[in-house]
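A.B. asks:
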Amino acid sequence: MLNDLARTRGYTLQIELTTQSFRLSGDEAALAERDEAIAAREACLARLPRIPARNILFPSPSIAAFRPALPMRGCRVRPATC
496 MLNDLARTRG YTLQIELTTQ SFRLSGDEAA LAERDEAIAA REACLARLPR IPARNILFPS
556 PSIAAFRPAL PMRGCRVRPA TC
């Protein structure tokens with residue numbers, strides 16, 4: 496999975512560089528190279544497992560999130576240990 500993420504990043508950079516190259520030079524060969532990089536990036540993205548966005552953006556709360564509220568409710572809290 497990490498390999499596919501690294502490759503996806505590399506392909507994204509390659510897409511950006513070839514697009515800029517086309518803008519500067521007008522050489523349409525850069526567009527063909529860009530299209531190959533887009534196809535390779537899409538293949539890498541397709542191999543990545545689907546992770547629900549909710550788990551990334553809104554992780555389930557842990558007891559640490561509730562720790563500040565516990566003393567207000569009269570609960571005794573032990574110090575956190577690592």
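Each residue of the sequence shown is one higher than the last, beginning at 496 in this note's numbering. Heads up, the beta-carbon is just placed ideally off N, CA and C, and yes, glycines get one too. Just so we're clear, the structure is a prediction, and the values are computed from it rather than from any experiment.
1. Please work out which residues of its chain come closer than 7 Å, Cβ to Cβ, to T503, disregarding the five sequence neighbours upstream and downstream, and give them in chain order.
2. Should A527 be labelled buried (16 or more other beta-carbon atoms within 10 Å of its own) or exposed?
3. Excluding the 5 residues preceding and the 5 following C577 in the sequence, name in chain order all residues of the same chain whose CB lies nearer than 6 Å to its CB.
4. Roughly how many whole angstroms lie between the Cα atoms of A524 and E531?
5. Below 8 Å on the Cβ atoms is my guess for R529 versus T513; work out the distance and round it to an integer in Å.
C.D. replies: So, from the data block:
1. In the sequence shown, residue 503 corresponds to position 8, counting from 1. Contacts found: R536, C539, L540.
2. One-based indexing of the sequence shown puts residue 527 at position 32. So A527 counts as exposed.
3. Your numbering for residue 577 matches position 82 in the sequence shown. Because the pLDDT of C577 is 44, which lies under 50, any placement of that residue in the model is unreliable, and the number read from its coordinates should be weighed accordingly. Excluding positions up to five away in sequence, the list is empty.
4. The residue given as residue 524 occupies position 29 in the sequence shown. The residue given as residue 531 occupies position 36 in the sequence shown. Their backbone Cα atoms lie some 11 Å apart in a straight line.
5. By one-based count along the sequence shown, residue 529 stands at place 34. By one-based count along the sequence shown, residue 513 stands at place 18. Indeed, because the Cβ distance is near 4 Å, the residues count as touching under 8 Å.
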